[in-house]
Amino acid sequence: AQTVTQSQPEMSVQEAETVTLSCTYDTSESDYYLFWYKQPPSRQMILVIRQEAYKQQNATENRFSVNFQKAAKSFSLKISDSQLGDAAMYFCAYRSLSGGTASKLTFGTGTRLQVTL
Amino acid sequence: DTGVSQNPRHKITKRGQNVTFRCDPISEHNRLYWYRQTLGQGPEFLTYFQNEAQLEKSRLLSDRFSAERPKGSFSTLEIQRTEQGDSAMYLCASSVYNSPLHFGNGTRLTVT
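What follows is the structure, given as structure tokens:
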């Protein structure tokens, strides 16, 4: 079974600065998706960014980018020019593309990001 | 796209009672998922449907839990004989096949 580990329960960043959230995962599969989801206090989970494992190029969405290291099974999220609205829980998630478990997401335990003035 | 809708937002029930939650997915989405999230944890997979077929159930889904999606549209999750350990946020999500999941706001269950 796949596991996702987020070793930083809490992180803090000053407004306009850059922060990196860490995520590692364990799998024996070669093809899968990785995601970062954001869950603000209003609690709806929102997709931030996704990465297909077969792509070597790191995904980027505006101020959000990832550092995907397939061999190391690492998938970190970098938030540039942090804004107050970025404050939330961030979850890393893994999605298999094989067999009967193909559709479900496996989540990490989350990192709470605080943004200070 | 009106988003994934979940009702009720909050449910308080006494131990031993039955509860039912409803999820209305995004209309063109054929897959629907249920997750459970406890405080300070990431969501845990419970079950998912493709159209009306329930394709996978987690071992977390005990015999007291049942989910249906009778016409491939909305879904219900019922918990019978609730226990205090059932207190959690129940999240519903939908997708088109393996496209990214869209989540609802969740139903927070408190069992007293």
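Chains E and D supply the protein sequences, listed in that same order. Start counting the first sequence at 1353; every next residue gets the next number (the working numbering). Start counting the second sequence at 67; every next residue gets the next number (the working numbering). Backbone N, C-alpha and C fix where the C-beta goes; we use that ideal spot for every residue, glycine too.
Interface residues of chain D facing residue i [CB-CB closer than 9 Å]
i	result
Gly-1462(E)	Gly-106, Gln-107 and Gly-108
Contact set between residue i and chain E, taken where Cβ atoms lie within less than 8 Å
i	result
Leu-157(D)	Met-1397
Pro-91(D)	Those do not exist, as Pro-91(D) stays about 14 Å from chain E at its closest Cβ, beyond 8 Å.
Leu-175(D)	Those within 8 Å of Leu-175(D) in chain E number zero; the least Cβ separation is about 14 Å.
Asn-171(D)	Ser-1394, Arg-1395 and Gln-1396
Phe-111(D)	Lys-1456, Leu-1457 and Thr-1458
Contacting residues, own chain, Cβ-Cβ under 7 Å from residue i (five flanking each side not counted)
i	result
Gln-1360(E)	Leu-1373, Ser-1374 and Thr-1463
Ile-92(D)	Asp-67, Gly-69, Val-70, Ser-160 and His-168
8 Å Cβ shell around residue i - same chain, five flanking residues per side excluded
i	result
Gln-1391(E)	Met-1397, Ile-1398, Ala-1440, Met-1441, Tyr-1442, Phe-1443 and Gly-1462
Residue burial classification, residue i (beta-carbon count within 10 angstroms, cutoff 16)
i	result
Thr-1458(E)	buried
Asp-152(D)	buried
His-76(D)	exposed
Gln-1408(E)	exposed
Arg-130(D)	exposed
Ala-1312(E)	The structure shown does not extend to residue 1312(E), since chain E is modelled only from 1353 to 1469, so the question has no answer here.
Lys-1456(E)	buried
Where residue i meets chain D, residues with beta-carbon distance less than 7 Å
i	result
Lys-1407(E)	Going along chain D, no residue has its Cβ under 7 Å from Lys-1407(E), so there is no contact; the nearest lies around 15 Å.
Sequence-distant residues of its chain with Cβ nearer than 6 Å to residue i (five each side left out)
i	result
Leu-1449(E)	Asp-1383 and Tyr-1384
Asn-84(D)	Gln-146
Chain E contact residues for residue i, given Cβ-Cβ distances below 9 Å
i	result
Asn-164(D)	Tyr-1385, Arg-1447, Leu-1449, Ala-1454 and Ser-1455
Chain E contact residues for residue i, given Cβ-Cβ distances below 7 Å
i	result
Arg-97(D)	Ser-1455
Practice task
Below 9 Å between beta carbons is the criterion; list the residues of the region 1371 to 1393 of chain E that meet it against any residue of chain D, in chain order.
Solution key: Tyr-1385, Phe-1387, Tyr-1389 and Gln-1391
Practice task
Identify each residue in the region 121 to 151 of chain D for which the Cβ-Cβ distance to at least one residue of chain E is less than 9 Å, and report them in chain order.
Solution key: With the criterion set as a beta carbon lying under 9 Å from some beta carbon of chain E, the members of the region 121 to 151 of chain D are Leu-121, Glu-122 and Ser-124, in sequence order.
Problem - Complete beta strand (DSSP E) runs within the region 1432 to 1467 of chain E (minimum length 3 residues, chain order) - result: Counting only runs that start and end inside the region 1432 to 1467 of chain E, the beta strand (DSSP E) elements of at least 3 residues fall at 1440 to 1448 and 1457 to 1459.
Handout entry: the region 1400 to 1427 of chain E: positions lying closer than 9 Å to chain D by Cβ
Key = Arg-1402
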